[in-house]
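Engineer: Submitted below is the structure of interest, expressed as structure tokens.
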Amino acid sequence: MHRYFLHSTIAVLAFVFCSVNCRGDIYRWDTGEVIQGTEGITPGPGPGPGGAWILWNTEEHNLRYADLSGGRDLTGAIFAYCWLENARFTEADLSNAVLSLSNLENADLTDAVVISTNFSGAIGFTADQLYSTHSYKAQNLAGIKFSQNDLSGWNFQGQLLLRSEITKSNLTNADFQRAHLALTDLESSILENVNLTDAIIAGANLRNTNLTAANLTRVFLNNTRFESTTLTNAVFTDADVSGASMRNVTAHGFVPEQLYSTSSYLNHDLTRIDLIGNDLSRWDFHGQKLLNSKFSNTTLTNANLEGADLTNSQLENADLSGAFVVGTSFRNTTARGFTSAQLYSTASYQAKDLRGVDLGNNDLGGWDLSGQNLTSAAFRGSRLQNADLRGADLSDSILDSAELSDANL
Numbered sequence: 523m524h525r526y527f528l529h530s531t532i533a534v535l536a537f538v539f540c541s542v543n544c545r546g547d548i549y550r551w552d553t554g555e556v557i558q559g560t561e562g563i564t565p566g567p568g569p570g571p572g573g574a575w576i577l578w579n580t581e582e583h584n585l586r587y588a589d590l591s592g593g594r595d596l597t598g599a600i601f602a603y604c605w606l607e608n609a610r611f612t613e614a615d616l617s618n619a620v621l622s623l624s625n626l627e628n629a630d631l632t633d634a635v636v637i638s639t640n641f642s643g644a645i646g647f648t649a650d651q652l653y654s655t656h657s658y659k660a661q662n663l664a665g666i667k668f669s670q671n672d673l674s675g676w677n678f679q680g681q682l683l684l685r686s687e688i689t690k691s692n693l694t695n696a697d698f699q700r701a702h703l704a705l706t707d708l709e710s711s712i713l714e715n716v717n718l719t720d721a722i723i724a725g726a727n728l729r730n731t732n733l734t735a736a737n738l739t740r741v742f743l744n745n746t747r748f749e750s751t752t753l754t755n756a757v758f759t760d761a762d763v764s765g766a767s768m769r770n771v772t773a774h775g776f777v778p779e780q781l782y783s784t785s786s787y788l789n790h791d792l793t794r795i796d797l798i799g800n801d802l803s804r805w806d807f808h809g810q811k812l813l814n815s816k817f818s819n820t821t822l823t824n825a826n827l828e829g830a831d832l833t834n835s836q837l838e839n840a841d842l843s844g845a846f847v848v849g850t851s852f853r854n855t856t857a858r859g860f861t862s863a864q865l866y867s868t869a870s871y872q873a874k875d876l877r878g879v880d881l882g883n884n885d886l887g888g889w890d891l892s893g894q895n896l897t898s899a900a901f902r903g904s905r906l907q908n909a910d911l912r913g914a915d916l917s918d919s920i921l922d923s924a925e926l927s928d929a930n931l
């Protein structure tokens with residue numbers, strides 16, 4: 523009797539479970555009616571039959587008020603171009619799901635998982651809907667996609683947004699304090715007055731973005747791309763810009779004081795910084811470590827490069843007219859575009875004062891260094907064939923392994 527009762531109970535529970543969770547239809551939660559066209563289809567992960575809902579956006583064919591709640595596994599499901607107004611996704615797993623260009627007005631996403639979910643171009647999607655999700659509450663929005671959305675004023679404090687995609691979006695006044703935006707794509711977005719204090723943006727793409735008056739205090743910007751980015755009045759206090767690509771930004775509001783305020787500059791370490799295509803006339807780089815940096819097609823007229831270390835740096839077509847280069851290291855740069863004409867144009871060369879200059883590991887064949895004060899200069903491993911060194915002061919200079927055949931001494 524006991525065994526019969528147990529088996530009967532299990533059978534009843536199984537029937538109830540299947541009637542709720544195994545039914546092959548989608549119901550409207552407001553009326554309890556089956557949504558036309560969903561008969562026999564069980565909502566599930568994409569891209570299978572139950573996970574592909576594309577172009578459900580007509581009066582006869584839509585998912586308004588759809589009940590997709592109850593912890594459904596909708597990972598990778600595609601709901602692109604759908605009418606999903608008032609649909610319920612409560613506790614659903616929408617990881618990697620696609621809801622791009624769908625109407626989500628009043629949709630319920632309470633406690634839904636939205637890691638790597640695509641909300642690009644979604645209509646009616648609000649901050650409160652995002653805040654209600656499990657992922658937001660757990661501060662894990664990694665891989666999420668918000669391209670072509672208006673996210674102005676939204677709060678992303680402390681959120682993990684690793685490898686997310688927020689391109690061509692309006693993020694004016696958004697709060698990203700302490701957010702983790704490493705490897706995030708923000709290209710062509712508006713970030714005016716955005717607060718990025720203490721955020722990590724290493725490797726992020728900020729090309730063509732507008733960061734006017736943005737606060738980047740103490741932001742980690744290693745390897746971040748700022749190419750053609752508007753930086754007018756942006757705050758860089760104590761930011762780490764080592765390895766950052768800042769191409770063509772002086773034409774868009776970037777000024778020397780912003781660079782000088784960074785922790786990298788204050789620590790004299792701008793290693794691997796990319797400043798290609800900028801006007802850096804009269805900027806002060808004295809004593810800076812600029813190893814492996816990029817200055818191709820950059821204007822450095824009258825810049826102070828004294829004591830700077832430009833070893834392995836790219837200098838192709840850089841304008842060094844009037845620059846001060848006493849004690850500067852140009853080691854291993856002729857293979858990267860540095861020419862005799864560039865050196866001759868410097869203020870230091872014109873004043874015959876090249877003290878402490880490091881020209882090691884370069885091809886200086888035929889260069890005119892006559893009459894120059896080359897005290898403590900270094901030529902280790904350089905080729906000086908046919909170079910003119912007449913009257914040059916080579917006191918304490920380093921010529922180890924230098925090739926001096928046919929040099930005029």
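Each residue of the sequence shown is one higher than the one before, counting from 523 in our numbering. In this text, a Cβ means the ideal position worked out from N, Cα and C, and glycines have one as well. As the structure is a computational prediction, the values presented were derived from the model and not from experiment.
Roughly how many angstroms separate the alpha carbons of Phe668 and Asn692, rounded to a whole number?
Structural biologist: For the purposes of this step, residue 668 is identified with residue 146 of the sequence shown, where counting begins at 1. For the purposes of this step, residue 692 is identified with residue 170 of the sequence shown, where counting begins at 1. Using only the alpha carbons, I get a separation of about 10 Å.
Engineer: Going along the chain, which unbroken runs of the beta strand (DSSP E) with 3 or more residues stay wholly within the segment 577-603?
Structural biologist: Those beta strand (DSSP E) runs which fall completely within the segment 577-603 and span 3+ residues do not exist here.
Engineer: Check whether the Cβ atoms of Leu606 and Ala574 sit closer than 9 Å, and answer yes or no.
Structural biologist: Start at 1 with the first residue of the sequence shown, and residue 606 comes out as number 84. Start at 1 with the first residue of the sequence shown, and residue 574 comes out as number 52. No. Outside cutoff.
Engineer: Would you list the one or two residues that DSSP bridges to His656?
Structural biologist: On the sequence shown, residue 656 is found 134 positions in, with the first residue counted as 1. None; His656 has no bridge partner.
Engineer: For a test of the three-state rule: what should DSSP assign to Leu738, helix, strand or coil?
Structural biologist: Translated into the one-based positions of the sequence shown, residue 738 becomes position 216. Leu738: coil per DSSP, three-state reduction.
Engineer: Going along the chain, which residues of its own chain have a beta-carbon closer than 8 Å to the beta-carbon of Thr772, five neighbours each way excluded?
Structural biologist: Start at 1 with the first residue of the sequence shown, and residue 772 comes out as number 250. For Thr772, where only same-chain residues beyond five positions count, the Cβ hits under 8 Å are Asn800, Asp801 and Leu802.
Engineer: Going by other Cβ atoms of all chains shown within 10 Å of its Cβ, with 16 needed for buried, is Asn543 buried or exposed?
Structural biologist: One-based indexing of the sequence shown puts residue 543 at position 21. Because Asn543 carries a pLDDT of 39, less than 50, the predicted location of this residue cannot be relied on, and no value is offered for it.
Engineer: Using 8 Å as the threshold, is the segment 586-606 in touch with the segment 564-571, meaning 3 or more CB pairs across them?
Structural biologist: Contact between the segment 586-606 and the segment 564-571 is present, because at least three Cβ pairs lie under 8 Å.
Engineer: Who are the Cβ neighbours of Glu555 in its own chain at under 8 Å, not counting the five residues just before and after it?
Structural biologist: Indexing the sequence shown from 1 puts residue 555 at position 33. Closer than 8 Å at the Cβ level, and outside the excluded window around Glu555, lie Tyr549.
Engineer: If I measure Cβ to Cβ from Gly888 and keep anything under 7 Å in the same chain, skipping five residues before and after, which residues do I get?
Structural biologist: For the purposes of this step, residue 888 is identified with residue 366 of the sequence shown, where counting begins at 1. Counting only Cβ-Cβ distances below 7 Å, and skipping sequence neighbours, we find Asn908 and Ala909.
Engineer: With C-beta atoms as the reference, is Gly893 less than 9 Å away from Ala914?
Structural biologist: Taking the first residue of the sequence shown as position 1, residue 893 is located at position 371. Taking the first residue of the sequence shown as position 1, residue 914 is located at position 392. Going by C-beta atoms, Gly893 is nearer than 9 Å to Ala914.
Engineer: Distance check for Gln780 and Ala701, CA to CA, integer angstroms please.
Structural biologist: Here residue 701 is taken as the residue at index 179 of the sequence shown, counted from 1. Here residue 780 is taken as the residue at index 258 of the sequence shown, counted from 1. Roughly 22 Å separates the two Cα atoms.
Engineer: Give the DSSP-derived three-state secondary structure of Asp720 in the structure shown.
Structural biologist: Counted from its first residue, the sequence shown places residue 720 at position 198. If DSSP states are grouped into helix, strand and coil, Asp720 belongs with coil.
Engineer: Drop a sphere of 10 angstroms on the beta-carbon of Lys964, count the other beta-carbons inside from all chains shown, and report buried for 16 or more, exposed for fewer.
Structural biologist: Only positions 523 to 931 of the chain appear in this structure, which leaves residue 964 out of reach.
Engineer: Return the first residue and the last residue of the alpha helix (DSSP H) that Tyr549 is part of.
Structural biologist: Translated into the one-based positions of the sequence shown, residue 549 becomes position 27. Element bounds for Tyr549: n/a, residue is neither H nor E.
Engineer: Roughly how far, in whole angstroms, is the beta-carbon of Thr639 from the beta-carbon of Ser617, given that I think they are within contact range, below 8 Å?
Structural biologist: On the sequence shown, position 117 is the one that residue 639 refers to. On the sequence shown, position 95 is the one that residue 617 refers to. That pair is a contact at about 7 Å.
Engineer: Taking only the alpha-carbon atoms, compute the straight-line gap between Ala840 and Trp578 and give it to the nearest angstrom.
Structural biologist: Along the sequence shown, read from residue 1 onward, the residue named residue 840 stands at position 318. Along the sequence shown, read from residue 1 onward, the residue named residue 578 stands at position 56. Going by the C-alpha atoms only, they are around 57 Å apart.
Engineer: Of all the options Phe776, Asn625, Phe601 and His656, which has the alpha carbon lying nearest to the alpha carbon of Leu733?
Structural biologist: What you label residue 733 is simply residue 211 of the sequence shown in a count that begins at 1. Comparing Cα-Cα distances from Leu733 to each of Phe776, Asn625, Phe601 and His656, the minimum goes to Phe776.
Engineer: If you run the structure through DSSP and keep just helix, strand and coil, what is Gln894?
Structural biologist: For the purposes of this step, residue 894 is identified with residue 372 of the sequence shown, where counting begins at 1. Three-state DSSP puts Gln894 in coil, outside helix and strand.
Engineer: Just to check my reading of the structure: Leu837 and Gly859 have Cβ atoms closer than 8 Å, yes? What is that Cβ distance to the nearest angstrom?
Structural biologist: Residue mapping note: residue 837 aligns to position 315 of the sequence shown, counting from 1. Residue mapping note: residue 859 aligns to position 337 of the sequence shown, counting from 1. Contact flag correct, Cβ pair sits at about 5 Å.
Engineer: Exposed or buried, which one is Asn789 when buried takes at least 16 other CB atoms within 10 Å?
Structural biologist: As a working note, residue 789 is residue 267 in the sequence shown. It is exposed - the Cβ of Asn789 has fewer than 16 other Cβ atoms within 10 Å.
Engineer: What did DSSP end up calling Cys544 once you bin it into helix, strand or coil?
Structural biologist: Taking the sequence shown and counting its residues from 1, the one referred to as residue 544 is at position 22. Confidence at Cys544 is low in this model, with a pLDDT of 41, below 50, so the placement of that residue should be treated as unreliable; the coordinate-derived value is given next. It is coil, neither helix nor strand.
Engineer: Are Ala833 and Thr861 close, meaning C-beta to C-beta below 9 Å?
Structural biologist: The count along the sequence shown starts at 1 and reaches residue 833 at position 311. The count along the sequence shown starts at 1 and reaches residue 861 at position 339. Before going further, note that residue 833 is Thr rather than Ala in the sequence given. Cβ distance not < 9 Å, so Thr833 and Thr861 don't count as in contact.
Engineer: Give the DSSP-derived three-state secondary structure of Thr821 in the structure shown.
Structural biologist: Locating residue 821 in the sequence shown gives position 299, counting from the first residue. DSSP places Thr821 in strand when its eight states are reduced to three.
Engineer: Among the residues of its own chain, which have a CB less than 7 Å from the CB of Leu708, if the five just before and after it don't count?
Structural biologist: Along the sequence shown, read from residue 1 onward, the residue named residue 708 stands at position 186. So the list reads Ile688, Thr689, Ala726, Asn727, Leu728 and Thr731, once near-sequence residues are dropped.
Engineer: If the criterion is Cβ atoms closer than 9 Å, does the pair Lys816 and Leu797 meet it?
Structural biologist: In the sequence shown, residue 816 corresponds to position 294, counting from 1. In the sequence shown, residue 797 corresponds to position 275, counting from 1. Contact flag set, yes.
Engineer: Could you tell me how far apart the beta carbons of Gly878 and Val848 are, in whole angstroms, since I believe they sit closer than 8 Å?
Structural biologist: Translated into the one-based positions of the sequence shown, residue 878 becomes position 356. Translated into the one-based positions of the sequence shown, residue 848 becomes position 326. The Cβ separation is near 6 Å, so the contact holds.
Engineer: According to DSSP, is Thr751 helix, strand or coil?
Structural biologist: Counting from 1 along the sequence shown, the entry for residue 751 is found at position 229. Note: Thr751 maps to coil in three-state DSSP.
Engineer: In three-state terms, what does DSSP make of Arg610?
Structural biologist: Within the sequence shown, residue 610 is the residue found at index 88, counting from 1. Strand, per DSSP.
Engineer: Which value, in whole angstroms, describes the spacing of the CA atoms of Thr739 and Arg853?
Structural biologist: Against the sequence shown, residue 739 aligns to sequence position 217. Against the sequence shown, residue 853 aligns to sequence position 331. If you take the alpha carbons of Thr739 and Arg853, they lie about 34 Å apart.
Engineer: Using a 10 Å radius around the Cβ and a threshold of 16 neighbouring Cβ atoms, would you call Ser835 buried or exposed?
Structural biologist: The residue labelled residue 835 in the question sits at position 313 within the sequence shown. Ser835 is buried by the Cβ-count criterion.
Engineer: Using CA coordinates, which residue listed in Leu876, Asp922 and Ser785 is at the minimum distance from Gly829?
Structural biologist: The residue given as residue 829 occupies position 307 in the sequence shown. Comparing Cα positions, the closest option is Leu876.
Engineer: Using 10 angstroms around the beta-carbon of Arg912, count the other beta-carbons present and answer buried if the total reaches 16, otherwise exposed.
Structural biologist: Position 390 of the sequence shown, counting from 1, holds the residue named residue 912. Its Cβ having fewer than 16 others within 10 Å, Arg912 is exposed.
Engineer: Sort Glu582, Leu705 and Trp805 by Cα distance to Gln558 and report the nearest one.
Structural biologist: For the purposes of this step, residue 558 is taken as the residue at position 36 of the sequence shown. Comparing Cα positions, the closest option is Glu582.
Engineer: The alpha helix (DSSP H) spanning Glu555 covers which residue range?
Structural biologist: Sequence index remark: in the sequence shown, residue 555 carries index 33 (1-based). Taken as a continuous stretch (DSSP letters only), Glu555 belongs to no alpha helix (DSSP H), as it is neither H nor E.
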